[in-house]
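With our numbering applied, the sequence shown covers 2 to 262.
Beta carbons: idealized from backbone N, C-alpha and C, even for Gly.
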Amino acid sequence: MKDFKIHLLFFLLFLLLSLIGFLCAIWLHSTKSTWAFVIPMIIGLFMFILSFPLKTQWRCYRSKSRRRTKGLDQWAKSKGLSFSTKEIKKLSKTTAKNYRTCTRCSTYDCYAYNVTSGMLKNRRICAFDYHCSACNYKSLSIVTIEADLKLEPLYIRPHCLIEKNIDSAKIRNIDFESAEFNSEFHIYSPDRRWAYDVINQSNMELLLCSCRFNIEFLEKHVIAYRNELFDLGYFEEALQLLTGILDNIPESVVKELKGGK
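Dropping the structure here:
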């Protein structure tokens, strides 16, 4: 979307130069100046040369966009999920209601697009590209899973993707016995016991051997994202990582969260 706006700006500049050239030609012709034909030819030649890189950039953008759309559509079909390129201005409760950046910027020009959604292994899945003109990163990709239980707040931040946007003073950084894990991740949660339940040995090993994502537990959602658009393969990586983390939460903890049901 950012590239599209840049191309649109160049196109408007192209039209403006054309208008200036046209007005100059009329004025010079009315004064019967010898430049009446030279200046329009110079401006026309400049615009002709300028049109080639603009046309090439536009074609590259369209081709890249089509490849991304096709790839996401194929991925969705392979999972038995639905896919839509339609822009969604207001994200529903089952997608990313709890994603803090989306919520914080909801009054601006924000929308989801390239949305993949549906049920997978009895869990509601939603993955999408997200654009927000008010955010520092403009466009990013998000994968969410809706769990069937209420989750406590937990933030997993890889060192390579660390960002200082943990707002609450009650959220604290929690260290683990593994020096390797501590060197790779920051874990934030208001509840130390909950953090240790989730980041158990199995999930610790899973996180260390997986691609790096920012991960958040908020109410019923587990969310993975980076501050950029995913390459196509990262959607599957993020989905498998979130699924694995939920599957590795001990059954006793799951029962406790469900109120013993």
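DSSP lists A128, A225 as the bridge partner or partners of V144. Per DSSP, the beta-bridge partners of E220 are L152. The alpha carbon of L208 has as its nearest neighbour, out of Y114, H160, N174, F84, the alpha carbon of H160. Residue nearest to S85 within the set N123, R69, G72, N115 is N115 (criterion: CA-CA distance). Rounded to whole angstroms, the gap between the alpha carbons of P191 and N123 is 29 angstroms.
Between the alpha carbons of R125 and S83 lies a distance of about 12 angstroms. Here D130 really is in contact with L230; their C-beta atoms are around 6 angstroms apart, less than 8 angstroms.
For D198, the CB contacts under 6 angstroms within the same chain, skipping 5 residues up- and downstream, are V254 in chain order.
If you check the CB distance, F186 and R158 come in under 8 angstroms. The beta carbon of C212 sits closer than 8 angstroms to the beta carbons of Y235, E238, A239, L242 from its chain, once the five residues preceding and following it are set aside; these are given in chain order.
Residue pairing of C111 in beta bridges, as defined by DSSP: C133.
Apart from the 5 residues on each side of it in sequence, K90 sits with its Cβ closer than 6 angstroms to the Cβ of Y112 in its chain, given in chain order. Membership of F84 in the beta strand (DSSP E) is indicated by the continuous run 83-85.
In the structure shown, F214 adopts coil according to DSSP, grouped into three states. In the displayed model, S203 falls within a helix according to three-state DSSP.
The alpha-carbon separation between I224 and L17 amounts to approximately 45 angstroms.
In the displayed model, L230 falls within coil according to three-state DSSP, outside both helix and strand.
N249 sits in coil when the DSSP states are folded into three classes, being neither helix nor strand.
For R158, the pairing in a beta bridge is given by DSSP as H187. In the three-state reduction of the DSSP assignment, G119 falls in the strand class. Inclusion of K221 and A128 in the CB contact set at 8 angstroms is not warranted, their separation being larger than that value. K80 and Y156 have their C-alpha atoms spaced approximately 27 angstroms apart.
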